[in-house]
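Worksheet: the structure to be examined is printed underneath.
So this is what it looks like as structure tokens:
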């Protein structure tokens, strides 16, 4: 297996959005189903496809931010169109002087905006409960990892996770995330500890931390 990790560029955005749309499809991911409920989906697209443009815009915003790291996993043994097999998104706002202003809202008629805002409020509150009013400032926060269908169980998620852990360790910073039930074993294996169970739109998630110097 020849997998290498590189920082994402604009040319990677379409496939990153495609992986995110597939890996977190409403038919298989409970939180995505709440965010993209059936009654809001357009009738001229397959269920879940309306999320693509929204995910693309969000990843483009992250790519443009100096406080985010968007990383892609490349399999050089695959054809040109299939070489990107996964991605990770890390938020790393500085402890002091970061851009704490609200991000521009991305419009999507298929998105349940109330559910999305409730999710953001819950996640932000967990960061405050964990770190104080500064939230994730000064912390390496894993937003999420996505691996393309057919490429799971190849160690790609572990590689993408380790990339962030190594960079956080080099800076002497904690790593923090909110995991799904399915994703939690990967983080436990890497040394993360549970802080608390967090209910996001009624779905149990796990607030987890890896303290600096503990890996």
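Numbering (our numbering), first residue to last: 28 to 242.
Glycine included, each C-beta is placed from N, C-alpha and C at the ideal position.
This one's a predicted model, so the numbers in the text were calculated from it and none came from an experiment.
Where the beta strand (DSSP E) through residue i begins and ends
| i | result |
| --- | --- |
| residue 32 | 30-34 |
| residue 155 | No beta strand (DSSP E) contains residue 155, which is instead part of the alpha helix (DSSP H) from 140-158. |
| residue 116 | 111-118 |
| residue 237 | 230-237 |
Inter-residue spacing [alpha-carbon to alpha-carbon] between residue i and residue j
| i | j | result |
| --- | --- | --- |
| residue 80 | residue 156 | 32 Å |
| residue 243 | residue 164 | Outside the shown range of the chain, which is 28 to 242, sits residue 243, and nothing can be said about it. |
| residue 104 | residue 152 | 43 Å |
| residue 32 | residue 188 | 11 Å |
| residue 40 | residue 47 | 10 Å |
Identity of the residues DSSP links to residue i by a beta bridge
| i | result |
| --- | --- |
| residue 53 | According to DSSP, which records beta bridges pairwise, residue 53 is partnered with nothing at all. |
| residue 7 | Here the chain comprises residues numbered 28 to 242, so residue 7 is not present and cannot be evaluated. |
| residue 102 | 30 |
Spatial neighbours of residue i in its chain, beta-carbon cut-off 8 Å, leaving aside the 5 residues before and after
| i | result |
| --- | --- |
| residue 69 | 77, 136 and 137 |
Sequence-distant residues of its chain with Cβ nearer than 6 Å to residue i (five each side left out)
| i | result |
| --- | --- |
| residue 211 | 233 |
| residue 87 | 40 |
| residue 51 | 59 |
Residue i, enclosing alpha helix (DSSP H) - first and last residue
| i | result |
| --- | --- |
| residue 185 | 183-198 |
| residue 221 | Element bounds for residue 221: not the alpha helix (DSSP H) but the beta strand (DSSP E), 220-227. |
| residue 72 | Run containing residue 72: none; DSSP gives neither H nor E here. |
| residue 82 | 78-91 |
| residue 212 | 211-216 |
Beta-carbon proximity list for residue i, same chain, < 7 Å, skipping 5 on both sides
| i | result |
| --- | --- |
| residue 171 | 116 |
TODO: Report yes or no: do three or more beta-carbon pairs, one from the segment 55-63 and one from the segment 89-98, lie closer than 8 Å?
DONE: no
Task: Sufficient close CB pairs (3 or more, under 8 Å) joining the segment 71-80 to the segment 203-210 - done: no
Open item on the list: Any contact between the segment 141-148 and the segment 217-224? By contact I mean 3 or more CB pairs, one from each, below 8 Å.
Closed with: no
Task: Sufficient close CB pairs (3 or more, under 8 Å) joining the segment 106-113 to the segment 172-181 - done: yes
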